[in-house]
Each structure stands twice: as structure tokens, then as C-alpha cells.
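When the letters of the first sequence are read in order and numbered with the working numbering, they come out as residues 1 to 426. From the three backbone atoms N, C-alpha and C, an ideal C-beta is built for every residue, glycine too.
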Amino acid sequence: MKFESLRGFRDIYPEDAEPRENMFNTAKRVAHSFGFQIIDFPSLEPLDLYRIKSGDELVSQTFSFVDKGGREVTMIPEATPSVVRMLTSKKDLQKPVRWFSLPKIWRYEEPQSGRLREHVQFNADLFGPDTPDADAELIGMAATILDSLGLSGNYEIRMNHRGIMEKILKSMDVQDTSRAFSVIDRFRKLGRDEFIGALDAAGISGKSAELISKLAATRVESVYLKQAISEIVPLTESLSDDLDRVAKTMEMISLFTDSMVVIDFSVVRGLSYYTGIVFEAFDVKGELRSILGGGRYNGLSTLLSGQEIPAVGFGMGDVVLELLLRRNGLWGRQAAIDGYYICMASDAVEMYSMRVAAEVRKRGKTAVRDSGGRKLAAQLRAASSAGLTKSIIIGTREMETESLTIKDMSSGKQSTISYSDFMDTI
RNA sequence: GCCGGGGUGGGGUAGUGGGCAUCCUUGGGGACUGUGGAUCCCCGGACCCGGGUUCAAUUCCCGGUCCCGGCCCCA
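Okay, here's the thing in C-alpha cells:
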């Protein structure tokens, strides 16, 4: 019987697990520096938590089952509902609340580039303030994480605003805006004629379709935002205010990163609960799907609990991010670890070598003990591949004189010093 | 769920309707009874699974499965 990991699931060996851990640690460090605190929540939730919010399409793409008590449960397909539940069920939280998490999430779909059935998602949300500052801080944090990973200039942030899009579509007499959004969301994938055709199927045709097509193709920096819009639709006061807010947010974000921040009217994100700004980060070469995405969702807490709490958040999966880091040569293992590989030149020194290892570890350093039973050359070979900076060679000579031979693995130089002197120096 | 392309040791590969399935690398050991990353030698390890055709299938056919890519969808 041969066992393999399930379709879309991964076994991750040290050569990938370590760069991956560095990646997560960087995200954590940056989040803490922005005042975000880590939370965690169950991997299994009631299926209804997602039905309420997202409907059958999402539910059909979950790993769900009926538990022994007859409850419909699912491996979580996203973090946000759980986070919002935590927020709304603890009534005495002082706002703003800044939370992040690193849950594993699952989706039952066909795996493809940048998308698997199980992945880790860095998720961050800021609850309370509904301001450009809050939006900018959150998006700025996302950018800072990417920058801290060494990706500055290799990605760009594309933003849009659901409210603005709603107003523009309404001004064109588009009734079913959510259907229009789902078409607009596919703009970059479709040819021009296909796009017009899809709009037509959504009940939009003629001049409106032409204008939407022009709008979706628009990608500008903040300073040209109003001008670009005014060429497509008349600027009402309300629309103008929204545009000012977005422009201000974008200017703020540019304080955090040198990467491009643009308005892109084709970025709408499929999720129906977004109410304000929406954004995604893409690699500049345009080879990968989005690196991260999020937006403002002020209505979700009302839907789940009746409490009105403004929110802005984003999620970033580890799969696309890993691909991007690899393509930029940023997926290497770390340099040699400061530590000791302990080799035994004789089986008689077992106890002594174990004592050395224990003492080294008590001093906070890494000590890896060869299990012995093979010749020294083989042990030193193992020491090389273990990636530690130094080896300690212990044989009967060392044991009889209560000393140790320390070998520097990069230079090959070695010297023998007394046990007590060695322990004092580390 | 649908569509296309793939699957030979841990990784990368050669090849074939018939003989002990090729080479490189990795791993283990040795040459060197206390010194690694060089060299040489030895050893271990593979035709995705099932069915069909055939005297004979790793090779041809069908189905499944997994991988890669795409659609749908995107949390």
C-alpha cells in the first residue's frame, strides 16, 4: 500500500519549511510593529457561518461533513467570519482592535498555479475606525510585509472603491451591480468583445457597456484619479468626496512603500460584503494571481451579530507568496546556524559527550549530537550537512584530560581547550 | 465539477512489445583503525495503480489516481 499526500495538500520538508517559517516570522514581526496582536480560532466551524455570508457557491467548495452529533461542520475556508465572531462576542474590547492570525484554510477546488486545497493565510483586520488613516495603515502594513521580505518594487498595489463603483454603475442605470462586479472582475481575463458580451449577458449594453469597458481599463495614480473619472461620468459631490478619500488613502500608503500604488477599476473582488475600499497586490510581471487582497467590510458584523463595527482587513496566502519569493531568488535557506555538532571518536565517550551537549544547550546554544557508532569521517560529513558553524570532537584523549576539540567548519581550523574554559566562553 | 499535457530510484534522466532497465546526483559504507566538503571503489534504491490486447506490456489501448497548466470560483 502506497500512501501519498492528498490532492492539493503538501508535505513540506526542512529545505522549504525553514524559508517558509522565515516568511511567516517576517509577517508576524511587521504586524507586531504596527500594533497588531495575534489571535487564533478553530479550524472546524459550523457550516452556517459561511452560508449566511457567502451562499451556496462558497459552501460547495468547502471540506464539509456531518459530525457524530449530526451537525454540519466545515474546515474553515476563510478567516474573517471566525475573527468577526471573536470580535462581536467579546463586548468590552476597546477600539480600535488590531488582530492578525495565521490559520490554515481549506477549499475544495482543482489545484492550479498558486492555488492548493490547503494553505496558510496571513490575515489581518482593523476594527473600529472608518477612516482613510485606518485603510492606509492596514494596506501600508501589507506593503511593509512584502517590502520586508525583499519584494519592494516587484509588486504593485491596485485599489478601487466599492462605493464609487456602485455610484458610477447606478448613474448608468445598472440595476444588478453585484452581477456587473463579477463581470468587471474578469476584465483582465477576457478579450474586449468577450467582455462586452459578458456585460450584455448581465443586462448591460450600448453606451453603458462602452463606458464600463473604458472604466475597467483605467489604471491611474492618485493625482489623475478625478480627471480620469470625470472623462467617463459626471462628478457629483458625493462621488467627488469618495474620490478625495481614496486619493488621500493612496497618498498615505505611498509613505509606507516605494512600490506602485494605483487605482484600477477592474479590481472589485468577488466578495459581496465589501463596502468601501478594495485592493489587491500583484507581481509587476503579471505572471501570478494576486498576492494578497482585502478591503473594507463595514456590514459583516451587523450581519453576524447585529452590532455595527466598521472593519478593514486583508488576507495573504502562502502559496502565491512562495512562488513570488522563489522567482526573485528569495527562498534560500539561512546561513550556517551558530551551534555545535558533536562527534565521538570513540564509543567510550558517550556519557561525556552527552554531558557536553546538555551543558551547551543550557547555555542557549544549539548542540546536535551524532549518534556515533561510525567512523569520525562519516560524522564530520554529517556535521557539514547539518549546517552548524562548529563541531566538537570528543575521543578518549579529550575525556581523559577533561577537554574538547573545537573545529570551525568553514575554515577547518581546530584547537583543543579544557572543558571548563570552553563552557565559560560560550 | 469541466478541459489540455504529463507520470521510469529521494532528485534529474536514457531507453525498449522480449535478456540482470541507462547514466548523473543524493543517501549509506569503504580506501584513510581520531578529521568533512577532493578522488576512486562498493552498496541501497524506480518503470503511478487496475484492467484489456498479446506467447510476452515499463512500452500499445481503456479506466482510475496523482502532478503541471487552464476554466468555474476566488474567501
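Per DSSP, residue i forms a beta bridge with which residues?
i, result
"residue 367", "340"
"residue 331", "Its beta-bridge partners do not exist; DSSP assigns none."
"residue 394", "344"
"residue 105", "119"
"residue 160", "278"
"residue 37", "99"
"residue 416", "405"
"residue 64", "74"
"residue 311", "127"
"residue 112", "115"
"residue 49", "In the DSSP output, where bridge partners are listed per residue, residue 49 has none listed."
"residue 155", "283"
"residue 388", "337"
What residue range is occupied by the uninterrupted beta strand (DSSP E) comprising residue i?
i, result
"residue 5", "Where residue 5 is concerned, there is no enclosing beta strand (DSSP E), given that its DSSP letter is neither H nor E."
"residue 324", "It is not in any beta strand (DSSP E) - residue 324 instead sits in the alpha helix (DSSP H) that spans 318 to 327."
"residue 479", "Shown here, the chain extends from 1 to 426; a query on residue 479 therefore has no answer."
"residue 44", "44 to 46"
"residue 127", "118 to 127"
"residue 374", "Counting along the chain, residue 374 falls outside any beta strand (DSSP E), and DSSP gives it neither H nor E."
"residue 73", "72 to 75"
"residue 296", "292 to 296"
Quick one: using the 10 Å Cβ neighbour count with 16 as the cut-off for buried, is residue i buried or exposed?
i, result
"residue 236", "exposed"
"residue 178", "exposed"
"residue 274", "buried"
"residue 335", "exposed"
"residue 194", "exposed"
"residue 227", "exposed"
"residue 32", "exposed"
"residue 308", "exposed"
"residue 156", "buried"
"residue 283", "buried"
"residue 98", "buried"
"residue 398", "buried"
"residue 473", "An answer regarding residue 473 cannot be provided, because it is not within the stretch 1 to 426 covered by the chain."
"residue 293", "buried"
"residue 400", "exposed"
"residue 329", "exposed"
"residue 412", "exposed"
"residue 378", "exposed"
"residue 355", "exposed"
"residue 198", "buried"
"residue 57", "exposed"
"residue 3", "exposed"
"residue 66", "exposed"
"residue 429", "Lying before the first or after the last residue shown, residue 429 is absent from the chain, which here runs from 1 to 426."
"residue 352", "buried"
"residue 17", "exposed"
"residue 12", "exposed"
Along the alpha helix (DSSP H) that carries residue i, what are the first and last residues, could you check?
i, result
"residue 243", "237 to 253"
"residue 140", "132 to 148"
"residue 198", "192 to 201"
"residue 218", "First-last for residue 218: undefined, no H or E at that position."
"residue 23", "14 to 33"
"residue 229", "225 to 230"
"residue 90", "Segment: none, residue 90 is in no alpha helix (DSSP H) and carries neither H nor E."
"residue 57", "56 to 59"
"residue 302", "300 to 305"
"residue 361", "350 to 362"
"residue 184", "177 to 184"
Please report the Cβ distance between residue i and residue j, rounded to the nearest whole angstrom; I am assuming they are in contact, meaning their Cβ atoms lie under 8 Å.
i, j, result
"residue 47", "residue 59", "6 Å"
"residue 141", "residue 279", "Actually they do not touch by this definition, with Cβ atoms about 12 Å apart."
"residue 417", "residue 426", "Contact flag wrong, Cβ pair sits at about 11 Å."
"residue 209", "residue 229", "That pair is no contact at about 18 Å."
"residue 338", "residue 396", "Rounded, the Cβ-Cβ distance is 28 Å, inconsistent with contact."
"residue 319", "residue 148", "Contact flag wrong, Cβ pair sits at about 19 Å."
"residue 88", "residue 301", "5 Å"
"residue 244", "residue 164", "Wrong, their Cβ atoms sit about 11 Å apart, outside the cutoff."
"residue 303", "residue 52", "6 Å"
"residue 111", "residue 206", "Between residue 206 and residue 111 the Cβ distance is about 41 Å, and since that is not below 8 Å, they are no contact."
"residue 123", "residue 83", "7 Å"
"residue 276", "residue 162", "6 Å"
"residue 383", "residue 371", "No, residue 383 and residue 371 are not in contact; Cβ-Cβ is about 13 Å, not under 8 Å."
Would you say the segment 276 to 296 touches the segment 191 to 209, given that touching needs at least three Cβ pairs under 8 Å? In the pairwise beta carbon analysis, the segment 276 to 296 is classified as not touching the segment 191 to 209: fewer than three pairs are separated by under 8 Å.
Hey, is the segment 336 to 349 in contact with the segment 140 to 160, meaning 3+ C-beta pairs nearer than 8 Å? The segment 336 to 349 vs the segment 140 to 160: no contact.
Could you say if the segment 257 to 265 and the segment 169 to 178 meet the contact criterion of at least three C-beta pairs nearer than 8 Å? Result no; under three Cβ-Cβ pairs closer than 8 Å.
Validate contact between the segment 102 to 112 and the segment 64 to 80 using beta carbons, cut 8 Å, 3 pairs: The segment 102 to 112 is in contact with the segment 64 to 80.
Inter-stretch contact at 8 Å, needing at least 3 Cβ pairs: the segment 253 to 260 / the segment 132 to 146: Enough Cβ pairs lie closer than 8 Å, so yes.
Decide if the segment 311 to 325 is in contact with the segment 111 to 120; the criterion is three or more beta carbon pairs, one per stretch, under 8 Å apart. With the cut-off at 8 Å, the segment 311 to 325 and the segment 111 to 120 touch.
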